[in-house]
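There are 4 protein chains.
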Amino acid sequence: MDSRISTSRLRVRGYHLDGYGHVNNARYLEFLEEGRWGYFDDHPALARRLMGGDLAFVAVNLNIDYREAAVAGDDLEIRTRLSALGGRSARMSQEIHRVRDDALVSAATLTFVMLDVVANQAMPIEAEIRGLLEPLVMEQALV
Amino acid sequence: MDSRISTSRLRVRGYHLDGYGHVNNARYLEFLEEGRWGYFDDHPALARRLMGGDLAFVAVNLNIDYREAAVAGDDLEIRTRLSALGGRSARMSQEIHRVRDDALVSAATLTFVMLDVVANQAMPIEAEIRGLLEPLVMEQALV
Amino acid sequence: MDSRISTSRLRVRGYHLDGYGHVNNARYLEFLEEGRWGYFDDHPALARRLMGGDLAFVAVNLNIDYREAAVAGDDLEIRTRLSALGGRSARMSQEIHRVRDDALVSAATLTFVMLDVVANQAMPIEAEIRGLLEPLVMEQALV
Amino acid sequence: MDSRISTSRLRVRGYHLDGYGHVNNARYLEFLEEGRWGYFDDHPALARRLMGGDLAFVAVNLNIDYREAAVAGDDLEIRTRLSALGGRSARMSQEIHRVRDDALVSAATLTFVMLDVVANQAMPIEAEIRGLLEPLVMEQALV
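Protein chains in written order, with our numbering: chain G, 1 to 143; chain S, 144 to 286; chain X, 287 to 429; chain F, 430 to 572.
This is the structure:
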């Protein structure tokens, strides 16, 4: 797979479910966060820069489609990539697939900014950080 | 307040936070779900019909803006209303405000369908259910 | 009720459940933490001292009995008190009751220490802190 | 390692933490549950019997020591074994170790019963189920 896409896997367990026996809507956001941490594990120079203390990675919007219900025992693969890079914000696109049949369980887009922690405002994405992010952008849809 | 808007309150606690000391992104989805259950508590005839066993309320999309970081001790108010009613889907709009200064912490729109559990497909929103939902629709923005 | 016992209430919701339709074992620990925060809300002088920055309230053991399964819609009351005060550790006893019939759902004892944050070790519970805690101790069982 | 011990691994992420930057007390119970599911994955005949529909695995007590605080980036290993088998209840002992230095982060003992779902009471652990469990018992401490 393209090195600009990171993948994480997990198995659905009882504690992920709600009373209907399906993975709860909120739990998917933890799965997505897990996928983003996996992405940063795969890009350590980027992770070091973004978590340097003076900067913070801050989510400003999340849009998530729920397509299929995942149930206990399903193995899921979370696929994460950087999908857009703007002047002051950027986007990560994430998909959660059921491993058995590659069915798309959920698709999400997270819009984030780089917060200048001292000024407490979104900073322009430029210079060193832009240089780290630009080669990772992969615009076309995954599905 | 307009009876078509339901409100729930909660206080932010240590277990809601992440390592930055802010309410975690995933946790807001539990707050929103709490708000929707409060809405159904306020509309028992609707709740009985939607949870009758043959039907299920199923989220298909959630779009959430994260505006302000909530921290431990903040009292939050979740405001929930039905904001759109289509032929086969409908929308709930929800806002989370900090009680102290009414600051908008988060705003979300949830698109849902009524699943016919036996046929396992979204059913048209008509007849009795439409009659229950229609008087509750409140289209204009809350903010 | 005795002012040395603090109570918090919550209603069981879908997101608290696991695939069996019962409140998940892990979720009870969040209910217990909610109860402890409620206790500190009721004892602000104590809360200010314990969270002053130089000290931290650190759990070292939790023993929890699961007695009855709670299900969606149950209203629960969490009752929290200080039940023992030793030289370097203390205990809080907590019970979760179903409001409808006062059935005991869960009973837990949390052993905690006061961590001296700079020295990174449990400090003796003496002087001012002992003075704040001692009048709150209520040894006999609640049930 | 002894085949009677199952191990699961996970990396601590931001969403596991609380406001102190440590893994939250409640989250450890999810880690322990993850370990138990891993144990059942390793013993499929046992899992099939225990989750056959007429029986349920029900926790009645959990005793957990919190020894070391785990932080973001720590790799943890959960070690799970059956540690005692009585007439109507049994025990699983679980330890969570930090992989880097094998430090013991947490140790827990879970007491469970086999619930006869129809009768809604704990059934004697005998015959086929006893035969499945007995060879797995490993009494001595892990640490």
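Glycine residues also receive a C-beta, built at the ideal position from the N, C-alpha and C atoms.
Hey, residue i and residue j are a contact pair by Cβ (cut 8 Å); roughly how many whole angstroms apart?
{"i": "S/E220", "j": "S/V242", "result": "5 Å"}
{"i": "X/V298", "j": "X/A356", "result": "5 Å"}
{"i": "F/S522", "j": "F/Y468", "result": "In fact, because the Cβ distance is near 11 Å, the residues do not count as touching under 8 Å."}
Can you name the residues of chain F whose CB is closer than 7 Å to the CB of residue i?
{"i": "G/Y15", "result": "E459, E462"}
{"i": "S/G162", "result": "G443, L446, G450, A501"}
Would you mind stating whether residue i and residue j have Cβ atoms separated by less than 8 Å?
{"i": "F/A485", "j": "F/L539", "result": "no"}
{"i": "X/E414", "j": "X/R335", "result": "yes"}
{"i": "G/N24", "j": "G/H16", "result": "yes"}
{"i": "S/A265", "j": "S/R231", "result": "yes"}
{"i": "X/G249", "j": "X/A358", "result": "Any answer about residue 249 of chain X is impossible in this case: the structure gives chain X only from 287 up to 429."}
{"i": "G/L136", "j": "G/R4", "result": "yes"}
{"i": "F/G448", "j": "S/G164", "result": "yes"}
{"i": "G/V117", "j": "G/D54", "result": "yes"}
{"i": "G/L29", "j": "S/L172", "result": "yes"}
Among residues of its own chain, excluding the 5 on either side of residue i, which ones have a beta-carbon nearer than 6 Å to its beta-carbon?
{"i": "X/A393", "result": "D351, E381"}
{"i": "S/D218", "result": "R154, V242"}
{"i": "G/E68", "result": "A103, V105"}
Less than 8 Å between C-beta atoms, sequence neighbours within five positions excluded: which residues of the same chain meet that for residue i?
{"i": "S/L276", "result": "L189, L225, L228, A233, I268"}
{"i": "X/E320", "result": "S294, L296, I364"}
{"i": "G/V143", "result": "Since pLDDT at G/V143 reaches only 49, below the 50 mark, its modelled position is unreliable, and the value read off the structure follows with that caveat. Only E95, L104, A107 meet the Cβ criterion."}
{"i": "X/P330", "result": "none"}
Closer than 8 Å by beta-carbon distance: list the chain G residues that pair up with residue i, in chain order.
{"i": "S/Y209", "result": "V58, A59, V60, N61, L62"}
Anything in chain F within Cβ reach of residue i, meaning under 8 Å, just list it in chain order.
{"i": "S/Y167", "result": "Residue identity differs from the one stated: residue 167 of chain S is Asn in this sequence, not Tyr. What S/N167 touches in chain F: G443, Y444."}
If I measure Cβ to Cβ from residue i and keep anything under 7 Å in the same chain, skipping five residues before and after, which residues do I get?
{"i": "G/D42", "result": "S6"}
{"i": "F/N490", "result": "T540"}
{"i": "X/R313", "result": "H302"}
{"i": "S/N206", "result": "A251, T252"}
{"i": "X/D288", "result": "M424"}
{"i": "S/D244", "result": "none"}
Completely contained alpha helix (DSSP H) runs for the stretch 293-380 of chain X, where each covers 4 or more residues:
311-328, 330-336
Uninterrupted alpha helix (DSSP H) stretches inside the stretch 242-280 of chain S (no shorter than 4 residues)
270-276
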